[in-house]
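To start, the structure itself, in structure tokens.
Residue numbers (my numbering), protein chains in the order written: chain A, 2 to 327; chain B, 264 to 561.
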């Protein structure tokens, strides 16, 4: 009975929190700066791979390796962004999705560096199982122990992780809320609305776009690190473009242009996504569990179409830009 | 040297086949992009749908591959028309990014419907997979032979259709400049619907060819080739049908020939898609109008 199992719901909470952080990155890029980044998942992949490789191969301490992972995400943002952020929106979308696919193909096809198709578990070569999250689990155990002392009841390791992830997500929402209302955030929004006008008042549009891309990349990197650390194993297949579109769905689900709605969107999405595994009553019980995974993805697609159909103007907060053909 | 020559001939053959698939699907995607201003992320799924409709006719109804291909083309054309009329047309005018996200959603739906109906297992057409035709320089599988036959018939027919027939000319005209086409008396809406049918039919054909050449396929077939189709579209210049025809062939040949060992050892085959994606990003940077496009279209 998954339905009553608290461990299951704790897991859903962790994933929702991680998706919230991931989507906040997309919020900065897409909702604030108007950059349709369709390759967001690549930042996740680069951060996770950088960290895991440093920990497993070079025995770098986990916090340091995680920092290096974020640096990796920033570097990718520079490499991908400097040439592409000047492009028109549809070209940018195609270019970023191609960039994301390059990262995934490289991860798949450079087994000496990345472990190849089997992923992080093969980082030490065949026959050895590579693990990178020992420090993280030990840290969570200590945290859970301390929390248990404070709360009075036993706090599981996963519950500690969920609390940590959501504290981080909450903190990030506050920081971004402040950023959005700063002069910096106003310039970004202005760029989204009318790039030429912002150029005309003497702002460096390119620099602002790059800053938004990099900030989003860091947030995606954080999400990638948390996901990799929490799950404990990953492979190139975990970084399909679909993941980027989950983030789009969350940004749109939560009420489009509202920062505070992103955590809500992440929770709703995770409930929908994990919840479909609970739909095992008649007549859905006729569908076997393998097919239900596909049904779930079908619903993601359906929601994407539906939400875009009923609330187009909310997505960028700019009716003009969306309803007029450029 | 002899071995290297054999390899070269084989690579050219493979390149022409891959190139034709990209060229035919690219023409459809490019016309759609030009006319409807949609980067159709569901285009790959149209290929998948075509491949599976081919399977229904071929394995399910026991038809030969030619009949199956025709059936698949018709079915996919109808699918593309239905998606256009039911979803994309009512929702049009929402901007490129919004429309692209909608096609992402449609693609996810289609792919997972195929997964649910056909199952995730790997499929094959009912043709002799082990047979090999040995033609002095090159060896071709029956699947490749089918693809070559389609290439020889359809690619010139396509070029002729676009160049000579009123419908083909109208399509190019609308893709080139919608308003000018409209004032010269072309029914833009009707042509728009025909273009979707053409794009769907060609995608279905490309799907069957791709599946036959690969030998085995699963519902991810089309999605895997989607970004190569985009590369073709951009390379040829968005909206340019001839551009896409040429660009597809060039891309197919370059990708295959890059692995030729006579070429400084050659690129490893697994890096072929990466080569194409790097080319795509490079193109978008320095020549976003494509090799044959004109800057003003942008």
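Ideal placement from N, C-alpha and C gives every residue a C-beta, glycine not left out.
Exposed or buried, which one is residue i when buried takes at least 16 other CB atoms within 10 Å?
i	result
residue 83/A	exposed
residue 2/A	Because the pLDDT at residue 2/A is just 47, under 50, the model does not fix this residue reliably, and the point stays unresolved.
residue 321/A	Because residue 321/A carries a pLDDT of 45, less than 50, the predicted location of this residue cannot be relied on, and no value is offered for it.
residue 546/B	buried
residue 317/A	Per-residue confidence for residue 317/A stands at a pLDDT of 45, beneath the threshold of 50, marking its modelled position as unreliable; no derived number is given.
residue 419/B	exposed
residue 536/B	buried
residue 134/A	buried
residue 338/B	buried
residue 309/B	buried
residue 110/A	buried
residue 238/A	exposed
residue 67/A	buried
residue 465/B	buried
residue 375/B	buried
residue 312/B	buried
residue 428/B	exposed
residue 559/B	Note that residue 559/B has pLDDT 46, beneath the 50 cutoff, so the model's placement of it is unreliable and the number below is only indicative. The residue is exposed, with fewer than 16 neighbouring Cβ atoms inside 10 Å.
residue 37/A	buried
Just to confirm, is the Cβ distance from residue i to residue j under 8 Å?
i	j	result
residue 307/B	residue 485/B	yes
residue 235/A	residue 251/A	no
residue 275/B	residue 441/B	no
residue 166/A	residue 19/A	yes
residue 510/B	residue 289/B	yes
residue 209/A	residue 192/A	yes
residue 348/B	residue 302/A	no
residue 230/A	residue 273/A	no
residue 70/A	residue 228/A	no
residue 304/B	residue 367/B	yes
residue 283/B	residue 414/B	yes
residue 439/B	residue 506/B	no
residue 1/A	residue 163/A	With chain A represented from 2 up to 327, any question about residue 1/A goes unanswered, as that position is not in the structure.
residue 493/B	residue 538/B	no
residue 155/A	residue 142/A	no
residue 295/B	residue 462/B	yes
residue 296/A	residue 220/A	no
residue 306/A	residue 369/B	yes
residue 223/A	residue 131/A	no
residue 479/B	residue 402/B	no
residue 50/A	residue 115/A	yes
residue 407/B	residue 476/B	yes
residue 340/B	residue 435/B	no
residue 514/B	residue 285/B	yes
residue 267/A	residue 24/A	yes
residue 459/B	residue 344/B	yes
Would you say the beta carbon of residue i is closer than 7 Å to some non-hydrogen atom of the ligand ATP?
i	result
residue 300/A	Here there are no bound small molecules, and the ligand ATP is not part of this structure.
If you scan the region 187-220 of chain A from start to end, which runs of the beta strand (DSSP E) of 3 or more residues do you find wholly inside it?
-> none
May I ask you to list, following chain order, the residues of the region 404-417 of chain B that have a beta carbon less than 8 Å from some beta carbon of chain A?
-> none
Count the C-beta pairs between the region 142-152 of chain A and the region 115-128 of chain A that are closer than 8 Å, then say yes if the count reaches three, no if not.
-> no
Can you check the region 34-75 of chain A for any alpha helix (DSSP H) of at least 4 residues that lies completely inside it and give the ranges in chain order?
-> 42-59
Ignoring anything shorter than 4 residues or poking outside the region 359-383 of chain B, list the alpha helix (DSSP H) runs there in chain order.
-> 359-381
Quick one: any contact between the region 179-191 of chain A and the region 200-217 of chain A, if contact means 3 or more CB pairs under 8 Å?
-> yes
Relative to chain A, which residues along the region 473-499 of chain B have a C-beta separation below 8 Å, given in chain order?
-> 490, 493, 494, 497
Select from the region 357-369 of chain B all residues with a C-beta closer than 7 Å to any C-beta belonging to chain A, and list them in chain order.
-> 357, 358, 359, 360, 361, 363, 364, 365, 367, 368, 369
Can you give me, in chain order, the residues of the region 142-172 of chain A that have a beta carbon less than 8 Å from any beta carbon in chain B?
-> none
Would you check if there are 3 or more beta carbon pairs closer than 8 Å linking the region 240-249 of chain A to the region 26-46 of chain A?
-> yes
Do the region 58-76 of chain A and the region 7-19 of chain A make contact, defined as three or more Cβ pairs closer than 8 Å?
-> no
Touch check for the region 381-389 of chain B and the region 314-332 of chain B: three-plus C-beta pairs under 8 Å?
-> yes
Touch test, the region 328-346 of chain B against the region 441-454 of chain B, Cβ-Cβ under 8 Å, three pairs minimum = no
Entirely within the region 79-152 of chain A and at least 4 residues each: give me those alpha helix (DSSP H) ranges in chain order.
-> 90-110, 112-115, 135-152
Ranges of the alpha helix (DSSP H) found wholly within the region 455-507 of chain B, counting only runs of at least 4 = 484-499
Residues of the region 173-200 of chain A whose Cβ lies closer than 9 Å to any Cβ of chain B, in chain order = none
Taking Cβ-Cβ distances below 7 Å as the criterion, which residues of the region 293-308 of chain A are in contact with chain B?
-> 295, 296, 298, 299, 301, 302, 303, 305, 306
Residues of the region 112-143 of chain A with Cβ closer than 8 Å to any Cβ of chain B, in chain order = none
Given a limit of 7 Å on CB to CB distance, which residues of the region 291-305 of chain B reach chain A?
-> 300, 302
Between the region 63-91 of chain A and chain B, which residues of the former have CB atoms less than 9 Å from a CB of the latter, in chain order?
-> 81, 84, 85, 87, 88, 89, 90, 91
In chain order, which continuous runs of the alpha helix (DSSP H) of length 4 or greater are located wholly inside the region 401-458 of chain B?
-> 405-427, 429-439, 441-446
Under 8 Å (Cβ pairs) to chain B, residues found in the region 92-103 of chain A | 92, 94, 95, 96, 98, 99, 100, 102, 103
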